[in-house]
Amino acid sequence: MTLAFTMCLVVLFGLAAIGTPIAHSIIIGAIVYLALKGQDLGIAAEQVSYGLYDSFVLLAVPLFIVAANIMNAGAISERLLRFCVGVVGRFKGGLGHVNIVSSLIFSGMSGSAVADAAGIGKVIIEMMTKGNRYPRGYAAAITAASATIGPIIPPSIPMVLYALVSDTSIGYLFLGGIVPGLLMGVVLMAMNTYISHKRGFAADEVVPIRQIPGLTMRAFPALLMPVILLYGIYGGATTPTEAAAVAAAYALVLAAFFYRSLSVKSLRTIMLD
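Using this note's numbering, the letters of the sequence shown correspond one by one to residues 990 to 1262.
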């Protein structure tokens, strides 16, 4: 290990240890490394900036983020939750299953664990803790665990970034994440069932069977988004970046015109974020 790299790590972890924001610590550590290596900082910054802004693949990241934010602001996530409550909420540990299944579905739209936890997670935690049906710690734990499916199920923002730096096929990465993501969901649901029986969680209110078709129809346009994305990518109709643009446009149309739950003010806030 060279002196420059050693000093880079010392500065990075030293600044992080005293509370400096991680982003600032990384930047300062990189500057120290380049300075000790005798590199021109101006040229290095220019090369990094050019590589980022000239990347067509990287455009998928903000587009998927916009799509997720529109779904959260446009009440699409709430309709998905009602659908999941009707389908899996009738089993033991029902709202825990709802938490996991809704994360699976939302992961196929946003590709982000943060968007999952911030959007659906906030609503489902309130549902689980209402009336002390579930301990707040358990509700938060299962929400955090199910949110980790977000970067696994395609479309995945971390996979896009990995493909960019490793020159790997995004399509193959997305394809490789489907089965592991579904297995994570199955294991989490099995664990939730076991814990619910062991701790004796009270049964949740069951949605009548006759209401499920209506809940399905209201959530159906949103449920189509993962299908459209995967068909576009693997059917050869779109690239992953174009699929991200389709996802953002589709979410906008659903929220603004179909569900009519997105205002101009909310859209402005989403774009600023």
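All C-beta atoms in this analysis are idealised placements derived from N, C-alpha and C, irrespective of residue type, glycine included.
Just so it is clear, the structure is predicted and the values come from calculations on it, not from any experiment.
Quiz item: Going by beta carbon distance, what residues of the same chain come within less than 8 Å of A1129, once the five residues before and after it are set aside?
Solution: Counting from one through the sequence shown, the residue named residue 1129 turns up at place 140. Once the five neighbours on either side are set aside, the close Cβ partners of A1129 are I1114.
Self-check item: DSSP-derived helix/strand/coil call for D1105
Solution: The residue labelled residue 1105 in the question sits at position 116 within the sequence shown. Helix at D1105.
Quiz item: Considering only residues of the stretch 1139-1191, which uninterrupted alpha helix (DSSP H) runs meet the minimum length of 4 residues and lie entirely inside it, listed in chain order?
Solution: 1146-1155, 1159-1188
Quiz item: So N1088 is in the alpha helix (DSSP H); what residue range does that whole segment cover?
Solution: The residue you call residue 1088 lines up with position 99 of the sequence shown. Start and end: 1083-1099.
Quiz item: Taking all protein chains shown into account, do 16 or more other C-beta atoms lie within 10 angstroms of the C-beta of A1024, making it buried, or fewer, making it exposed?
Solution: If you number the sequence shown from 1, residue 1024 lands on position 35. Looking at its Cβ environment, which holds fewer than 16 other Cβ atoms inside 10 Å, A1024 is exposed.
Self-check item: Selected residue, minimal CA-CA separation from I1094, among R1079, F1080, C1073, G1078
Solution: Position 105 of the sequence shown, counting from 1, holds the residue named residue 1094. Cα-wise, what sits closest to I1094 is C1073.
Quiz item: Expressed to the nearest angstrom, what Euclidean distance is found between the alpha-carbon atoms of A1237 and P1010?
Solution: Here residue 1237 corresponds to residue number 248 of the sequence shown, with the count starting at 1. Here residue 1010 corresponds to residue number 21 of the sequence shown, with the count starting at 1. Roughly 30 Å separates the two Cα atoms.
Quiz prompt | Neighbourhood of A1244 by C-beta distance below 8 Å, restricted to the same chain and skipping five residues each side | solution = Start at 1 with the first residue of the sequence shown, and residue 1244 comes out as number 255. Only I1059, M1060, A1062, G1063, A1064, I1065, S1250, L1251 meet the Cβ criterion.
Practice problem: Following the continuous alpha helix (DSSP H) through G1203, name the residue where it begins and the one where it ends. | Solution: Along the sequence shown, read from residue 1 onward, the residue named residue 1203 stands at position 214. G1203 -> alpha helix (DSSP H) spans 1201-1223.
Quiz prompt | Buried versus exposed call for F1002 [16 or more other C-beta atoms within 10 Å across all chains shown] | solution = Position 13 of the sequence shown, counted from the start, is the residue given in the question as residue 1002. With fewer than 16 other Cβ atoms within 10 Å, it is exposed.
Self-check item: Close beta carbons around G1221, own chain, < 8 Å, minus the five adjacent residues each side
Solution: Here residue 1221 is taken as the residue at index 232 of the sequence shown, counted from 1. So the qualifying residues of the chain are T1227, E1231, A1232, V1235.
Quiz item: The alpha helix (DSSP H) spanning N1058 covers which residue range?
Solution: Position 69 of the sequence shown, counted from the first residue, corresponds to residue 1058. Run containing N1058: 1049-1062, per the alpha helix (DSSP H) assignment.
Exercise. Please confirm whether L1048 and A1211 have their CB atoms less than 8 Å apart.
Key: As a first step, residue 1048 is located in the sequence shown; it is residue number 59 there, counting from the start. As a first step, residue 1211 is located in the sequence shown; it is residue number 222 there, counting from the start. No, the Cβ-Cβ distance between L1048 and A1211 is not below 8 Å.
Quiz item: CB-CB under 6 Å to G1083, same chain, minus the five flanking residues each way: which ones, in chain order?
Solution: For this step, residue 1083 is matched to residue 94 along the sequence shown. Closer than 6 Å at the Cβ level, and outside the excluded window around G1083, lie D1193.
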